[in-house]
Amino acid sequence: MKFDREVDWLVAGSGAGGMTSAVVAHQLGGEVLVVESSSLYGGTSAISGGVAWIPGNYLQHTVGIDDSIEEGQQYLSNLIGDSVKPERVTAYAVRADEMLQYMMKNSHVSYQPIATYMDYFEQHKGYKEGGRSMDPGSFSLRMLGKEAKFMRAGHYEGLGMPFSMTVIEGQQLMAMTLNSYWLGAKMLFRYLLDIPYRLKGAKDSRLTMGQALVAKLRRSMMDRDIPLWLDSPITELIKENGRIVGAKINRNGKETIVAARKGVLLATGGFAHNTEMRQQYQQHPIGKDWTAASPSSLGDGIRVGQEVGADIGFMASAWWSPSYTLPDGRVLSLISGKSHPGSIVVNSTGKRFTNEAQPYEEFVKDQYASEERGEGAIPCYLIFDAVYRSKYTVGHLKPGKIESDVKIPSSYFESGLLTREASLAELANKLGINAEQLQSTITDFNQYAREGVDPDFGRGATLHDRYYADPNVKPCPTLAPLEKGPFYALRLEPGDLDTKGGLACDEFGRVLDMSGEVISGLYGTGNTTAAVMGDTYPGAGAT
6 MKFDREVDWL VAGSGAGGMT SAVVAHQLGG EVLVVESSSL YGGTSAISGG
56 VAWIPGNYLQ HTVGIDDSIE EGQQYLSNLI GDSVKPERVT AYAVRADEML
106 QYMMKNSHVS YQPIATYMDY FEQHKGYKEG GRSMDPGSFS LRMLGKEAKF
156 MRAGHYEGLG MPFSMTVIEG QQLMAMTLNS YWLGAKMLFR YLLDIPYRLK
206 GAKDSRLTMG QALVAKLRRS MMDRDIPLWL DSPITELIKE NGRIVGAKIN
256 RNGKETIVAA RKGVLLATGG FAHNTEMRQQ YQQHPIGKDW TAASPSSLGD
306 GIRVGQEVGA DIGFMASAWW SPSYTLPDGR VLSLISGKSH PGSIVVNSTG
356 KRFTNEAQPY EEFVKDQYAS EERGEGAIPC YLIFDAVYRS KYTVGHLKPG
406 KIESDVKIPS SYFESGLLTR EASLAELANK LGINAEQLQS TITDFNQYAR
456 EGVDPDFGRG ATLHDRYYAD PNVKPCPTLA PLEKGPFYAL RLEPGDLDTK
506 GGLACDEFGR VLDMSGEVIS GLYGTGNTTA AVMGDTYPGA GAT
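For the sequence shown, this note's numbering begins at 6 and goes up steadily by one.
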């Protein structure tokens, strides 16, 4: 076959996995090319929190946490079980910190351990109360120059705070203490003093979370003159004598054939926005309407891998998270609001069906289970009272004491995303929920809240349950009665951050065929592959 271009390492996809690979391959002396199907780079990584879950990392001691690779491996093995080959789990546990140190030495990437962000399942040996989930810090948009306009924007742009914040800063602001207000004032002052960007009406030039991670990786590629082709989806892999030797790329509508001397990496993300694949592989009801993943998560890498005989796994799985859809179509994940005291989640029967404060992936699994029982849990509703509304952030909505109801767009109420009524009975009738059962549910819950124990679902029993809560609420920071009207309901669907099923890989990231044999020259990473985490979510950043 005649090739239009030859490189050592061809990467399909410009998220964190793909760009990390590009930097490493170049550092090792390779000629690298990255191709991206979208007109924007960054994929779901740019939309995400950018957090990385790295057990036994070399920075944990800086926040007073003692950890080891062995404990991380123990935790993963206990949680994942035999659903993933132990060699893959071991590779993750052993190599994660090596990767962190390598990237912090050879690129702009930098991370800081989050001291209080715990693993999600404290019942498993090897669990840690903090330090494994790591914050990607901040980065200046100015460092990207003309490339800044091609980075994928986050879902929250134009919503919430005008300035960006790191995960650690977000934690401090959510505490709503005097120190929180002081920090917020300093961050706002910095934002306002960036006169050139304010005069242009541009967004905050200080990037954080997934935007910061992607920008750091893109700048690292720019420093090395690694080319990135946008609007260039991979359409077909080229196989010769049993080995993948290149790929066909549709570059701006024209086919370009690229040879890859060392290999091709598929890092195109999951298939969250591919309705046909979701209908084929995943539990129903399902589609692309409830995902917070990048629109470019169409399963391209999985498709071309299957065409050359690759095996697949965990296709029914996703990085589940309850989500809500704005009237403009944007889908946002609800990570923290479901844990605040003074709220519960109910299905259409007016009953609770889960521990609202548990990890978000487990929440959605329980939501689907309730739906399968015929209880009408899709959608379900986060119910909260006036006290909650005044004090706490829910999704992107600021507390009422900062932003009153009159400032909420009327379309939120008109679309049914948000419902407000003077009484619980009126709220139930508006939502089509049995009013008597809803009142009974809340009466029982209010008594539990006063006692500080949830005998039905155990809410508040774990450190994770109490993380997104209010330490000033006693006796349990995540439990408070719903008593004061008006009462509110936020509609929630079973969303996700992206799918996590895909190409089967070994511990070296080599794609495997249906017989478990390596497809020479073909590699995979991220949500294009069957997740090394299996159908579990060990902690923030495990994606």
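Even for Gly, the Cβ is constructed at its ideal location relative to N, Cα and C. From a predicted model like this one, the values you see are computed outputs, not experimental measurements.
Short check: CB of residue i to CB of residue j, under 7 angstroms?
{"i": "S112", "j": "Y122", "result": "no"}
{"i": "V350", "j": "E361", "result": "yes"}
{"i": "A220", "j": "L149", "result": "yes"}
{"i": "A321", "j": "A298", "result": "no"}
{"i": "G500", "j": "A535", "result": "no"}
{"i": "I231", "j": "A27", "result": "yes"}
{"i": "T354", "j": "E377", "result": "no"}
{"i": "G347", "j": "F389", "result": "yes"}
{"i": "F319", "j": "K505", "result": "yes"}
{"i": "W295", "j": "S328", "result": "yes"}
{"i": "S338", "j": "F358", "result": "no"}
{"i": "G544", "j": "D124", "result": "yes"}
{"i": "Y107", "j": "P141", "result": "no"}
{"i": "G55", "j": "L218", "result": "yes"}
{"i": "Q216", "j": "G131", "result": "no"}
{"i": "P480", "j": "A454", "result": "no"}
{"i": "V523", "j": "Y97", "result": "no"}
Quick one: grab the DSSP three-state call for residue i.
{"i": "A474", "result": "coil"}
{"i": "K130", "result": "coil"}
{"i": "Y386", "result": "strand"}
{"i": "M139", "result": "strand"}
{"i": "Q4", "result": "Missing from the structure shown is residue 4; the chain here goes from 6 to 548 and no further."}
{"i": "G77", "result": "helix"}
{"i": "A57", "result": "strand"}
{"i": "K221", "result": "helix"}
{"i": "D449", "result": "helix"}
{"i": "Q550", "result": "Any property of residue 550 remains undetermined from this structure, which presents the chain solely from 6 to 548."}
{"i": "L270", "result": "strand"}
{"i": "Q117", "result": "strand"}
{"i": "P486", "result": "coil"}
{"i": "R455", "result": "helix"}
{"i": "P499", "result": "strand"}
{"i": "L193", "result": "helix"}
{"i": "Y97", "result": "helix"}
{"i": "I249", "result": "strand"}
When the Cα atoms are used, what is the spatial distance from residue i to residue j?
{"i": "L429", "j": "E419", "result": "19 angstroms"}
{"i": "M24", "j": "K403", "result": "35 angstroms"}
{"i": "R248", "j": "M181", "result": "58 angstroms"}
{"i": "Y46", "j": "L233", "result": "9 angstroms"}
{"i": "G463", "j": "F155", "result": "46 angstroms"}
{"i": "E11", "j": "C510", "result": "25 angstroms"}
{"i": "G465", "j": "S73", "result": "28 angstroms"}
{"i": "H31", "j": "G206", "result": "37 angstroms"}
{"i": "W324", "j": "Y161", "result": "19 angstroms"}
{"i": "M6", "j": "V29", "result": "28 angstroms"}
{"i": "G18", "j": "T530", "result": "10 angstroms"}
{"i": "M226", "j": "L197", "result": "31 angstroms"}
{"i": "G20", "j": "R515", "result": "19 angstroms"}
{"i": "T467", "j": "T273", "result": "36 angstroms"}
{"i": "S42", "j": "I254", "result": "9 angstroms"}
{"i": "S301", "j": "L222", "result": "19 angstroms"}
{"i": "R335", "j": "I52", "result": "12 angstroms"}
{"i": "G34", "j": "D9", "result": "22 angstroms"}
{"i": "I70", "j": "N62", "result": "10 angstroms"}
{"i": "K435", "j": "F492", "result": "12 angstroms"}
{"i": "K110", "j": "V16", "result": "22 angstroms"}
{"i": "K396", "j": "A382", "result": "27 angstroms"}
{"i": "I200", "j": "L193", "result": "13 angstroms"}
{"i": "C385", "j": "D371", "result": "11 angstroms"}
How would you call residue i, buried or exposed, if buried means at least 16 neighbouring beta carbons within 10 angstroms?
{"i": "V68", "result": "exposed"}
{"i": "Q285", "result": "exposed"}
{"i": "R147", "result": "exposed"}
{"i": "T448", "result": "exposed"}
{"i": "A427", "result": "exposed"}
{"i": "V411", "result": "exposed"}
{"i": "K356", "result": "buried"}
{"i": "Q452", "result": "exposed"}
{"i": "W14", "result": "buried"}
{"i": "H469", "result": "buried"}
{"i": "P167", "result": "exposed"}
{"i": "D475", "result": "buried"}
CB of residue i to nearest heavy atom of the ligand COA: below 6 angstroms?
{"i": "T359", "result": "By its list of ligands, the structure shown contains no ligand whatsoever, and the ligand COA lies outside what it can speak to."}
Quick check: the segment 254-262 against the segment 519-532, are there 3 or more CB pairs under 8 angstroms? no
Taking 8 angstroms as the cut-off, does the segment 483-501 touch the segment 306-317 (at least 3 CB pairs, one atom from each stretch)? no
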